[in-house]
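Engineer: Below is the structure I would like to discuss, written out as structure tokens.
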Amino acid sequence: MLSRQDAIEAVTEEEFDVVVIGGGVTGAGVAMDAASRGYTVALLERRDWAAGTSSRSSKMVHGGLRYLQNFDLGLVREALLERQLMVQLAPHLVYPTPFLVPTLGEEKRDRRIGIGLNMYDVMASVRASGMTRRERAARAESADYWAPDRHRTIDGAEAIDLVPALAPRDPSHAYLFYDCQTDDVRLVLTILGEAERLGAVTLNGVEVTDLLEENGRIAGITGIEAESGEAIAVRAANVVNATGVWADRIRPDEIHDEEEIPRIEPSRGTHLTVSHDDLEIGRAACIVPAGGGRAIFALPWYGRTLLGTTDRDYEGDLSHVEPSGDDIDYLLGATNDFFGTSIGRDRITGAYAGVRPLIATGDEHKSVDISRKAELYETSSGMLTITGGKLTTWRRMAKQVVDRMVEREGREAPCRTADLPLGMPAEEKDFADLGGLDVKAPDETRANLGFRYGHFASKVLRLATEDETLARPIVDGQPDLLAEALVAARFEQARSVADVLLRRTRLGILAAPQLRTAESVMPVARILGKELGWGKQRVRAEANAWLDEARAEGIDPAARH
Ligand SMILES: Cc1cc2nc3c(=O)[nH]c(=O)nc-3n(C[C@H](O)[C@H](O)[C@H](O)COP(=O)(O)OP(=O)(O)OC[C@H]3O[C@@H](n4cnc5c(N)ncnc54)[C@H](O)[C@@H]3O)c2cc1C
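For the sequence shown, the working numbering gives the first residue as 237, with consecutive numbering after it.
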């Protein structure tokens, strides 16, 4: 990624075909798609990459089994096809996980779930993709092809083998099906990397405050650059608003009709992480009944068990969305009831909450009833807004926007993103030998780096091998290396300790209790300081700023009073 300084110069000196507002998965996708069709693109993000909803998802690339209940068949099918494509385009970053729906003891198996899973299987099949038989055969033969096995019923012993935490509950059977998981922030950073490779300029730390309009047409944006506090203007023929839950706050001075922009009704979802010592989730995810017909997930993620999520209307501050006490109790309650555990708040290793950009439909329905469908809006001045949708469907959302731009210009430029790999996958053996350097990183670290960075992991390992201090873990017992803080600042526009702990690595939500003091994050602050030219005082201030950020984000419920 360009350094921020180079990106600032590029966005202010050049004029672009497209400026995209918002550096979550949707904005990153639009930038990549538009750049791949020959547009010049600038992408501006107010805070940090994926700092909005795109770092706060359940980390699933999935069809969304529960949307079948609402008969959102189109949405589920579209998401299932995207899921399959993502495994193919980013095999290092999007991986299949077995999911279990267990039946405990004497309970009767719920046959409706079997029916739902049958539909899920059918919709996931490439037959449903609209491809010709020949195209399907060609795709199935390619080396990176992945198709999920059909769901099946397994016996209790196999269920326990996959999810050891089920052992005390005596499962008689379980439905087993497949969905996929990822690291949502890494997905965004990988898409941004591809966008930049295709010529887009990407810059975080710029808040768009106004739209430039000329003769009733949109002509660019003005914004404030966070480090200098200076105003900047970026001129562009097309402006795309991809600000998720903030989408209704970017408004041209005049709009003819309120229908030209969305009305967002945010809904908060909370997640917790706990140690495998407290809930041994093993290799599979588990669907956990949570009362009132709802269910939550227990997922294996980065060596922890991830529990989530909730779905409640939210009216609070959008810049820091804290997990609510009620939601934390609800998640722990459902988990403890189901697994027969007694995990208390003091055992939580991390927590986070995010808000879904749900589009108000005008009726009084609660958010749970509002579809996750994406919507495209166009103002009379030409600004395009895309919001709603899911992490999984980012590519379709981007396509929808860029198709519209191409169509209104009467150009011939079909979407290519279904064929563009996302990053370069690498296996551990690819960085076993770095040109004669003796790489000492343990297997878990190498696997972690390969998942996160693909081939670029060799660069991270090289830095760690050349400088011993960088080879140390950021948090004892976790595989993330201090070298990653340097990589974050040098190559990924990270500017704060929180950027490193919440979004470049995910330690803030995986090991929050070990990051409670300024001292514990000083090594990260020092590395950032050296790279970004901070003096001693600033380094200390930045380590303290982490504590404020951690408190505002509510990542450590055990530390709350
Ligand atoms: C609890 C929860 C769980 C979820 N789980 C899943 C899941 O498992 N799978 C799935 O597919 N989907 C999931 N989703 C949905 C998915 O996370 C979102 O649909 C997606 O991340 C939205 O991305 P976005 O880019 O549209 O918005 P965001 O990620 O919020 O990005 C918008 C960006 O715009 C920036 N911005 C705002 N205003 C300005 C401005 N004025 N100037 C510059 N930048 C600005 C923000 O800082 C932000 O980074 C989940 C959502 C939630 C809340």
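Ideal placement from N, C-alpha and C gives every residue a C-beta, glycine not left out.
Could you check if Met-322 belongs to the surroundings of ligand 1, using beta carbon to heavy atom distance under 6 angstroms?
Structural biologist: Residue 322 sits at position 86 when you count from the first residue of the sequence shown. No, ligand 1 has no heavy atom inside 6 angstroms of this Cβ.
Engineer: Does DSSP put His-601 in a helix, in a strand, or in coil?
Structural biologist: As a position in the sequence shown, residue 601 is number 365, starting the count at 1. Note that His-601 scores a pLDDT of 47, beneath 50, so its modelled location is shaky and nothing firm can be said.
Engineer: Can you say whether Glu-430 is buried or exposed, counting buried as having 16 or more other CB atoms within 10 angstroms of its CB?
Structural biologist: Translated into the one-based positions of the sequence shown, residue 430 becomes position 194. Label assigned to Glu-430: buried.
Engineer: Met-296 by DSSP, collapsed to three states: which one?
Structural biologist: In the sequence shown, counting from the first residue as 1, residue 296 sits at position 60. Reduced to three states, the DSSP call for Met-296 is strand.
Engineer: Pull up the distance between the alpha-carbon of Leu-737 and that of Leu-706, whole angstroms please.
Structural biologist: As a first step, residue 737 must be located in the sequence shown, where it is residue number 501. As a first step, residue 706 must be located in the sequence shown, where it is residue number 470. Near 15 angstroms, if we compare the C-alpha coordinates of Leu-706 and Leu-737.
Engineer: Using DSSP's beta-bridge definition, name the partner residues of Val-475.
Structural biologist: Within the sequence shown, numbered from 1, the residue matching residue 475 stands at position 239. In the DSSP output, where bridge partners are listed per residue, Val-475 has Val-255.
Engineer: From this set, Val-247, Val-470, Arg-644 and Met-322, which residue's C-alpha is nearest Ala-654's C-alpha?
Structural biologist: As a working mapping, residue 654 is identified with position 418 in the sequence shown. Answer by Cα proximity: Met-322.
Engineer: In whole angstroms, what separates the C-alpha of Glu-785 from that of Asp-562?
Structural biologist: Here residue 785 refers to the residue found at position 549 when the sequence shown is read from its first residue. Here residue 562 refers to the residue found at position 326 when the sequence shown is read from its first residue. Those two C-alpha atoms are separated by around 21 angstroms.
Engineer: So, are the CB atoms of Val-225 and Val-733 less than 7 angstroms apart?
Structural biologist: Outside the shown range of the chain, which is 237 to 797, sits residue 225, and nothing can be said about it.
Engineer: Indicate the three-state DSSP secondary structure (helix, strand or coil) for Asp-236 in the structure shown.
Structural biologist: The structure shown does not extend to residue 236, since the chain is modelled only from 237 to 797, so the question has no answer here.
Engineer: Taking the alpha helix (DSSP H) that Ser-511 falls in, what are its first and last residues?
Structural biologist: Translated into positions along the sequence shown, residue 511 becomes position 275. First-last for Ser-511: 503-511, but that is the beta strand (DSSP E), not the alpha helix (DSSP H).
Engineer: List the whole-angstrom C-beta distance separating Met-619 from Ile-454, where the pair is believed to meet the contact cut-off of C-beta under 8 angstroms.
Structural biologist: The residue labelled residue 619 in the question sits at position 383 within the sequence shown. The residue labelled residue 454 in the question sits at position 218 within the sequence shown. Contact flag correct, Cβ pair sits at about 5 angstroms.
Engineer: Entirely within the stretch 321-372 and at least 3 residues each: give me those beta strand (DSSP E) ranges in chain order.
Structural biologist: The qualifying runs are 331-340.
Engineer: Just to confirm, are Asp-284 and Asp-716 a CB contact at a threshold of 7 angstroms?
Structural biologist: Mapped onto the sequence shown, residue 284 falls at position 48. Mapped onto the sequence shown, residue 716 falls at position 480. No, they are not a contact pair.
Engineer: So Leu-425 packs on Leu-656, CB below 8 angstroms; how close in whole Å?
Structural biologist: On the sequence shown, position 189 is the one that residue 425 refers to. On the sequence shown, position 420 is the one that residue 656 refers to. Actually they do not touch by this definition, with Cβ atoms about 16 angstroms apart.
Engineer: Rank Thr-741, Leu-543, Leu-783 and Leu-535 by C-alpha distance to the C-alpha of Ser-756 and give the top, closest one.
Structural biologist: The residue given as residue 756 occupies position 520 in the sequence shown. Closest by alpha carbon: Leu-783.
Engineer: Please determine, among Val-510, Arg-302 and Pro-593, the residue with the shortest C-alpha to C-alpha distance to Asp-549.
Structural biologist: The residue labelled residue 549 in the question sits at position 313 within the sequence shown. The shortest C-alpha separation from Asp-549 is found at Pro-593.
Engineer: Can you tell me whether Asn-451 is helix, strand or coil according to DSSP?
Structural biologist: Numbered from 1 along the sequence shown, position 215 holds the residue referred to as residue 451. Asn-451: coil per DSSP, three-state reduction.
Engineer: For Ser-503, which option in Glu-558, Met-355, Leu-722 and Leu-336 has the closest C-alpha, if you only look at C-alpha atoms?
Structural biologist: As a first step, residue 503 must be located in the sequence shown, where it is residue number 267. Cα-wise, what sits closest to Ser-503 is Glu-558.
Engineer: With a 10 Å radius around its C-beta and 16 neighbouring C-beta atoms as the bar for buried, classify Gly-790 as buried or exposed.
Structural biologist: Translated into positions along the sequence shown, residue 790 becomes position 554. By the neighbour-count rule (16 or more Cβ atoms within 10 Å), Gly-790 is buried.
Engineer: Would a C-beta distance cut-off of 7 angstroms place Thr-262 and Met-633 closer than the cut-off?
Structural biologist: Walking along the sequence shown from the start, residue 262 turns up at place 26. Walking along the sequence shown from the start, residue 633 turns up at place 397. Yes, the pair counts as a contact, with Cβ atoms nearer than the cut-off.
Engineer: Compute the Euclidean distance between the alpha carbons of Tyr-331 and Gln-417, then round it to the nearest angstrom.
Structural biologist: Numbered from its first residue, the sequence shown carries residue 331 at position 95. Numbered from its first residue, the sequence shown carries residue 417 at position 181. So the two alpha carbons sit approximately 6 angstroms from each other.
Engineer: What is the DSSP secondary structure of Val-399, counted as helix, strand or coil?
Structural biologist: If you number the sequence shown from 1, residue 399 lands on position 163. Note: Val-399 maps to coil in three-state DSSP.
Engineer: At the level of alpha carbons, what is the spacing between Gly-341 and Gly-480?
Structural biologist: Along the sequence shown, one-based indexing puts residue 341 at 105. Along the sequence shown, one-based indexing puts residue 480 at 244. In a straight line, the C-alpha of Gly-341 is about 44 angstroms away from that of Gly-480.
Engineer: DSSP has Gln-417 in a bridge; who is on the other side?
Structural biologist: On the sequence shown, residue 417 is found 181 positions in, with the first residue counted as 1. In DSSP, Gln-417 forms a bridge with Met-296 and Tyr-331.
Engineer: For Arg-647, does the count of other Cβ atoms within 10 angstroms reach 16, so buried, or fall short, so exposed?
Structural biologist: Numbered from 1 along the sequence shown, position 411 holds the residue referred to as residue 647. That one is exposed.
Engineer: Taking DSSP as the reference, what is the three-state secondary structure of Ser-239?
Structural biologist: By one-based count along the sequence shown, residue 239 stands at place 3. Three-state DSSP puts Ser-239 in coil, outside helix and strand.
Engineer: Could you say which of Met-359, Ser-290, Ala-271 and Arg-313 lies nearest to Gly-260 if we only look at CA atoms?
Structural biologist: Looking up residue 260 in the sequence shown gives position 24. That would be Ser-290, whose Cα lies nearest to the Cα of Gly-260.
Engineer: Using a threshold of 6 angstroms, is the CB atom of Lys-665 nearer than that to any non-hydrogen atom of ligand 1?
Structural biologist: The count along the sequence shown starts at 1 and reaches residue 665 at position 429. No; taking the cut-off as 6 angstroms, the Cβ of Lys-665 has no heavy atom of ligand 1 nearer than that.
Engineer: Would you list the one or two residues that DSSP bridges to Ile-497?
Structural biologist: Position 261 of the sequence shown, counted from the first residue, corresponds to residue 497. BP columns for Ile-497 are empty, so no partner.
Engineer: Within 10 angstroms of its Cβ, does Asn-440 collect 16 or more other Cβ (buried), or is it exposed?
Structural biologist: Mapped onto the sequence shown, residue 440 falls at position 204. Answer is buried; the Cβ neighbour count reaches 16.
Engineer: Taking the C-alpha atoms as reference points, what is the distance between Pro-400 and Ser-511?
Structural biologist: Translated into positions along the sequence shown, residue 400 becomes position 164. Translated into positions along the sequence shown, residue 511 becomes position 275. Their Cα atoms are separated by approximately 14 angstroms.
Engineer: In the DSSP assignment, find the unbroken alpha helix (DSSP H) run with Pro-759 in it and report its ends.
Structural biologist: By 1-based counting over the sequence shown, the position of residue 759 is 523. Counting along the chain, the alpha helix (DSSP H) containing Pro-759 begins and ends at 754-768.
Engineer: Considering only residues of the stretch 568-599, which uninterrupted beta strand (DSSP E) runs meet the minimum length of 3 residues and lie entirely inside it, listed in chain order?
Structural biologist: Here the runs fully enclosed are 584-592.
Engineer: Looking at the structure shown, is Gly-686 part of a helix, part of a strand, or coil, going by DSSP?
Structural biologist: The count along the sequence shown starts at 1 and reaches residue 686 at position 450. Correct three-state label for Gly-686: helix.
Engineer: I need the DSSP call for Trp-382, collapsed to helix, strand or coil.
Structural biologist: Taking the sequence shown and counting its residues from 1, one reaches residue 382 at position 146. Trp-382: coil per DSSP, three-state reduction.
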